[in-house]
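First up is the structure itself, then whatever we jot down about it.
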Amino acid sequence: MGSRSAGAALRLWLLALLLGCCQGRFVVEKNSLKVTAPDGLKGTYECAIGNFGVPQYGGTMVGFVAYPKANRKACKSFDDFDISYKAKPGAFPTFLLVDRGDCYFAKKAWNAQKAGAAAILVADDKDEPLITMDNPEEGGNTDYLENITIPSALITKSFGDRLKKAIDSGDMVNVNLDWREALPHPDERVEYEFWTNSNDECGPKCDSQIDFVKSFKGQPRRCPEPRAPY
Numbered sequence: 001m002g003s004r005s006a007g008a009a010l011r012l013w014l015l016a017l018l019l020g021c022c023q024g025r026f027v028v029e030k031n032s033l034k035v036t037a038p039d040g041l042k043g044t045y046e047c048a049i050g051n052f053g054v055p056q057y058g059g060t061m062v063g064f065v066a067y068p069k070a071n072r073k074a075c076k077s078f079d080d081f082d083i084s085y086k087a088k089p090g091a092f093p094t095f096l097l098v099d100r101g102d103c104y105f106a107k108k109a110w111n112a113q114k115a116g117a118a119a120i121l122v123a124d125d126k127d128e129p130l131i132t133m134d135n136p137e138e139g140g141n142t143d144y145l146e147n148i149t150i151p152s153a154l155i156t157k158s159f160g161d162r163l164k165k166a167i168d169s170g171d172m173v174n175v176n177l178d179w180r181e182a183l184p185h186p187d188e189r190v191e192y193e194f195w196t197n198s199n200d201e202c203g204p205k206c207d208s209q210i211d212f213v214k215s216f217k218g219q220p221r222r223c224p225e226p227r228a229p230y
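FYI, in UniProt numbering the residues of the sequence shown are 1 to 230.
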């Protein structure tokens, strides 16, 4: 009886050890969305960067938020609804706010881009921690993935509800999307980050990523000492 109990305890200990070794931490890459108007919404809110499109790392983007009257999940082309979000000369670009659900995140971004939006904000449909919006798996009609150039961000349901309420009330919602905190601070050193994602082993960008890795040269070069101009 004693040896059987000891054996069971040993198996439980080994199982716990294996689980501890295999646990990993999935990091959701986040940036800041600052609302500058209206006064009731002013503040900085957290959002999650999408795993597609072109985030403007190290930069910012200013615009106003629009919430469509139709096609609110952006699963269809906005041309079908005769809707355009192309910015007029001298006007702020459009951050298109859409609802989560019914189609891929990337499809929403593609439809928003075709309609002229400068960025897309996807409002979550339930209260939960932010996740990374990923590419769809390879297969089907996903040729548009390589052509997505606008940045995308997932926002919480509560924040999305507040944005919708303000827009429905007729308020102009101005925002500033900030990617500067997503980059390391060099502190007089040359630094770089090698970015990858969970879909690198397949998908339309696989070949170009492999070619880049093969041709990448990480040879350091000595830089001149920093000097003041005066």
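Ideal placement from N, C-alpha and C gives every residue a C-beta, glycine not left out. In this text the structure is predicted, and so the values were computed from the model without any measurement.
Subject >> Environment of A91 [buried if 16+ CB atoms lie within 10 Å] >> reply: If you number the sequence shown from 1, residue 91 lands on position 91. Exposed, by the Cβ-count rule.
Original post:
In its own chain, which residues sit with a C-beta less than 7 Å from the C-beta of G53, not counting the 5 before and 5 after it?
Top reply: Along the sequence shown, read from residue 1 onward, the residue named residue 53 stands at position 53. Listed in chain order, the non-local C-beta contacts of G53 below 7 Å within the same chain comprise A109, I148, T149, I150, P151, S152, local neighbours out to five positions each way being set aside.
Original post:
Are the CB atoms of G116 and S77 nearer to each other than 7 Å?
Top reply: For this step, residue 116 is matched to residue 116 along the sequence shown. For this step, residue 77 is matched to residue 77 along the sequence shown. The answer is no: Cβ separation not under 7 Å.
**OP:** Go through the UniProt domain "PA" (63-163) residue by residue and report every complete run of the alpha helix (DSSP H) that reaches 4 residues or more, in order.
**Re:** Segments of the alpha helix (DSSP H) lying fully in the UniProt domain "PA" (63-163): 105-114.
**OP:** Report buried or exposed for T94, applying the criterion of at least 16 other Cβ atoms within 10 angstroms of its Cβ.
**Re:** As a working note, residue 94 is residue 94 in the sequence shown. By the C-beta density criterion, T94 is buried, having at least 16 other C-beta atoms within 10 angstroms.
**OP:** Using a threshold of 7 Å, state whether the C-beta atoms of G50 and M133 are closer than that.
**Re:** By 1-based counting over the sequence shown, the position of residue 50 is 50. By 1-based counting over the sequence shown, the position of residue 133 is 133. Taking the C-beta atoms as reference points, M133 is found nearer than 7 Å to G50.
Original post:
Under the rule that 16 or more other beta-carbon atoms within 10 Å means buried, what is F105, buried or exposed?
Top reply: Your numbering for residue 105 matches position 105 in the sequence shown. Buried, since its Cβ has 16 or more Cβ neighbours within 10 Å.
Original post:
Hey, A119 and I155: beta-carbon distance below 7 Å or not?
Top reply: As a position in the sequence shown, residue 119 is number 119, starting the count at 1. As a position in the sequence shown, residue 155 is number 155, starting the count at 1. 7 Å or more divides the Cβ of A119 from the Cβ of I155.
Original post:
So D99 and D79 are in contact, right, with Cβ under 8 Å, and what is the actual spacing, rounded?
Top reply: The sequence position of residue 99 within the sequence shown is 99, counting from 1. The sequence position of residue 79 within the sequence shown is 79, counting from 1. That belief does not hold up - the Cβ atoms of D99 and D79 are roughly 19 Å apart, past 8 Å.
Subject >> Cβ-Cβ separation, N111 to residue 244 (assumed contact under 8 Å), whole Å >> reply: The requested residue 244 does not occur in the structure, where the chain is confined to residues 1 to 230.
**OP:** With DSSP as the reference, label S169 as helix, strand or coil.
**Re:** Within the sequence shown, numbered from 1, the residue matching residue 169 stands at position 169. If DSSP states are grouped into helix, strand and coil, S169 belongs with coil.
Original post:
Hey, how far is the Cα of K107 from the Cα of E128?
Top reply: Translated into positions along the sequence shown, residue 107 becomes position 107. Translated into positions along the sequence shown, residue 128 becomes position 128. The straight-line gap from Cα to Cα measures roughly 22 Å.
Original post:
Is G43 closer than 7 Å to W179 when the C-beta atoms are compared?
Top reply: In the sequence shown, counting from the first residue as 1, residue 179 sits at position 179. In the sequence shown, counting from the first residue as 1, residue 43 sits at position 43. Judged by their CB atoms, W179 and G43 are not nearer to each other than the 7 Å cut-off.
Original post:
Looking only at DSSP bridge pairs, what is N51 linked to?
Top reply: What you label residue 51 is simply residue 51 of the sequence shown in a count that begins at 1. BP columns for N51 are empty, so no partner.
Original post:
Among P55, Q56, A37, N31, which has the Cα closest to the Cα of E46?
Top reply: Position 46 of the sequence shown, counting from 1, holds the residue named residue 46. Looking at the Cα atoms, N31 is the closest of the given residues.
Original post:
Buried or exposed: where does F81 fall if 16 or more other Cβ atoms within 10 Å of its Cβ makes it buried?
Top reply: Numbered from its first residue, the sequence shown carries residue 81 at position 81. Looking at its Cβ environment, which holds fewer than 16 other Cβ atoms inside 10 Å, F81 is exposed.
**OP:** Return the CA-CA distance between I210 and N176, expressed in angstroms with no decimal places.
**Re:** Within the sequence shown, the letter at position 210 stands for residue 210. Within the sequence shown, the letter at position 176 stands for residue 176. When rounded, the distance between both Cα atoms is 34 Å.
Original post:
Within this structure, are the beta carbons of L145 and L97 separated by less than 7 Å?
Top reply: Start at 1 with the first residue of the sequence shown, and residue 145 comes out as number 145. Start at 1 with the first residue of the sequence shown, and residue 97 comes out as number 97. The Cβ-Cβ distance between L145 and L97 does not fall below 7 Å.
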